[in-house]
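Per our numbering, numbering through the sequence shown is continuous, rising by one, with the last residue being 400.
Here a beta-carbon is modelled for each residue, glycine too, at the ideal position from N, C-alpha and C.
Here's the structure, in structure tokens; my notes come after.
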Amino acid sequence: SETFPAMGPVKAHLRGEQTRQQEQLAQLVVDDMNYRLTEEMSEFRPEHERMLWSLALMGSAFKKVYFDPSLDRQTSVFIPADDVVVPYGASDILTTPRITHRQRKFKNELRKMQVSGFYEDFDVGDPAKLSQNDFKDKLDTVEGYSSANDDRFTIYETCCYLHLEDDPEADPNGIELPYVVTILKDSDKILAIRRNWNESDPSKQPRQHFVHYIYIPGFGFYGLGLLHLLGNFSSASTSLLRQLVDAGTLSNLPGGLKTNGLRIKGEDTPIAPGEWRDVDVASGTVRDNIMPLPYKEPSVVLAQLLDKIVEEGRRLASTIDVKLNEMNGEMPVGTTLAILERTLKVMSAIQARNHVSMSQEFKLIHKLVRDSLDPLDDHELAEGYATVDIIPRSEEHTS
2 SETFPAMGPV KAHLRGEQTR QQEQLAQLVV DDMNYRLTEE MSEFRPEHER
52 MLWSLALMGS AFKKVYFDPS LDRQTSVFIP ADDVVVPYGA SDILTTPRIT
102 HRQRKFKNEL RKMQVSGFYE DFDVGDPAKL SQNDFKDKLD TVEGYSSAND
152 DRFTIYETCC YLHLEDDPEA DPNGIELPYV VTILKDSDKI LAIRRNWNES
202 DPSKQPRQHF VHYIYIPGFG FYGLGLLHLL GNFSSASTSL LRQLVDAGTL
252 SNLPGGLKTN GLRIKGEDTP IAPGEWRDVD VASGTVRDNI MPLPYKEPSV
302 VLAQLLDKIV EEGRRLASTI DVKLNEMNGE MPVGTTLAIL ERTLKVMSAI
352 QARNHVSMSQ EFKLIHKLVR DSLDPLDDHE LAEGYATVDI IPRSEEHTS
């Protein structure tokens with residue numbers, strides 16, 4: 002609801018003097034961008050929602066903005082954090098000297114791009130079996146996937162700096178320039194090498210394709226998510242919960258010891274509620290021949306400790322439940338707002354970071370649309386994209 006309000010996710014920011022004409026151009030660009038994001042780019046909202054879910058869990062998530070020749074339009078897709086590789090010591094996505102996107106494509110899709118000339122045409126063979134870690138195997142199990150059935154090729158698309166002597170644009174002083182190198186992992190062959198700067202840019206600055214969303218800033222390139230913040234709390238609470246369940250199970254269905262001479266009809270099956278069975282007692286009473294083990298009821302101390310751990314985990318993640326029953330109608334409005342603001346302080350900071358990253362994403366989409374417009378076909382819209390900046394409307398909620 003913050004990033005996709007009813008009025009659309011985009012609003013305009015005017016540069017320079019704000020005249021009536023500028024305001025009309027800004028509204029024209031806003032309407033066009035909102036239409037593209039909500040109607041034309043059908044993948045934008047589902048991909049963004051997937052990104053937000055992964056962001057909270059993993060701490061980092063990425064969006065890739067590029068012009069898709071098969072769709073003949075700009076597109077923005079979600080990339081999980083484990084499919085983005087950067088050099089050790091990289092501080093942020095704008096200054097890293099290399100960023101690699103690990104892609105997976107089916108053979109027919111790869112062949113189409115070879116025939117179209119986007120990739121080098123050679124025999125790619127058959128895809129190799131993917132090697133995965135334990136975390137990915139567990140995630141696939143939860144989602145119902147099996148890596149054994151994955152018949153896709155692994156492709157590394159790397160934005161990096163190279164000095165290619167065969168390139169006429171190569172710097173005579175040996176300075177490396179930005180390129181995009183695509184490698185087929187299964188055969189270690191190069192599929193494509195392309196320049197990664199605009200022809201009209203004399204400084205040959207690299208074009209940006211990736212946007213980094215961060216949940217909580219970490220100590221390095223990647224952010225911290227709920228897995229990092231609440232991992233130990235989750236393990237401890239899960240262990241305590243299992244102990245309480247086991248104690249309740251053993252207390253309700255206890256086992257014990259019986260004398261060797263005691264015979265119970267159907268002794269291998271549990272006794273159902275309301276069922277009476279015949280027994281042959283060797284000597285004395287049944288009570289003298291059976292001794293149940295002293296299983297205890299679920300511990301109250303363990304239950305209190307579980308509640309304490311869960312509460313501390315919520316406090317760390319700033320998801321404390323507001324006790325609305327204690328906030329009566331006589332409480333001052335300022336006090337109520339202060340309690341709510343304190344409760345949502347961390348979430349507000351996270352939303353502010355999302356707003357900054359979303360601004361970068363909209364700027365990349367704005368540039369792609371601006372470069373694809375023909376001034377002869379729609380002069381007014383092209384002029385608007387050239388003079389108006391685009392920012393998320395969520396700024397109205399976070400400011």
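Beta-bridge analysis with DSSP links glycine 257 to Pro293.
When the beta-carbon positions are compared, valine 389 and alanine 57 stay at least 7 Å from each other.
Around the CB of methionine 359, 16 or more other CB atoms lie within 10 Å, so the residue is classed as buried.
Note on glycine 257: under 16 other CB atoms within 10 angstroms of its CB, so exposed under the neighbour-count rule. Between the beta-carbon of asparagine 197 and that of tyrosine 216 there is about 29 Å, and that puts the pair past the 8 Å contact cut.
At the C-beta level, valine 78 and glutamate 41 stay beyond 7 Å of one another. Between the segment 220–228 and the segment 187–206, the count of C-beta pairs closer than 8 Å stays below three; the two stretches do not touch. In the three-state reduction of the DSSP assignment, glutamine 104 falls in the strand class, which pools E and B. Where phenylalanine 363 is concerned, the enclosing alpha helix (DSSP H) starts and stops at 346–373. The way I'd put it, the segment 32–39 doesn't touch the segment 58–66; fewer than three beta-carbon pairs between them come closer than 8 Å.
Contact annotation, histidine 102 with aspartate 84: C-beta distance approximately 6 Å; criterion of less than 8 Å satisfied. Distance from the CA atom of lysine 368 to the CA atom of leucine 338, rounded to whole angstroms, is 40 Å.
A direct Cα-to-Cα measurement between threonine 250 and serine 240 gives close to 15 Å.
Counting along the chain, the unbroken beta strand (DSSP E) around arginine 195 starts and ends at 190–196. Here DSSP, grouped into helix, strand and coil, assigns glutamine 75 to strand. Ranked by how close their Cα comes to the Cα of isoleucine 184, the residues Thr155, Pro207 and Pro169 have Thr155 in first place. In the structure shown, the three-state DSSP call for serine 2 is coil. Closest by C-alpha distance to valine 87, out of Pro333, Tyr386, Phe211 and Glu298, is Phe211.
A straight line joining the alpha-carbon of glutamate 331 with that of glutamate 312 spans about 28 Å. According to DSSP, aspartate 122 shares a beta bridge with no other residue. Judged by DSSP in its simplified three-state form, leucine 165 adopts coil rather than helix or strand. With contacts defined as CB atoms closer than 7 Å, glutamine 244 and leucine 303 qualify as a contacting pair. In this structure, proline 173 keeps its C-beta atom at 7 Å or more from the C-beta atom of arginine 153.
Under DSSP, phenylalanine 154 shares a beta bridge with Lys106. Bounds of the alpha helix (DSSP H) holding threonine 388 are 380–388. Bounds of the beta strand (DSSP E) holding valine 181 are 178–185. Annotation: the continuous beta strand (DSSP E) that includes aspartate 69 extends over 61–69. Minimum Cα-Cα distance from serine 235 among the listed residues Ile310, Gly219, Cys161 and Ser284 corresponds to Ile310. The residues Ala62, Lys64, Phe79 and Tyr214, in chain order, have a CB closer than 7 Å to that of methionine 52 in the same chain once the five nearest residues on each side in sequence are set aside. The C-alpha of arginine 112 is placed about 9 Å away from the C-alpha of tyrosine 120.
The bridge partners DSSP lists for leucine 95 come to none. Relative to valine 370, the option among Pro81, Gln75 and Leu95 whose CA is nearest is Gln75. Isoleucine 392 is bridged by DSSP to Lys12. Note: aspartate 281 is bridge-paired with Arg264 in the DSSP secondary-structure output.
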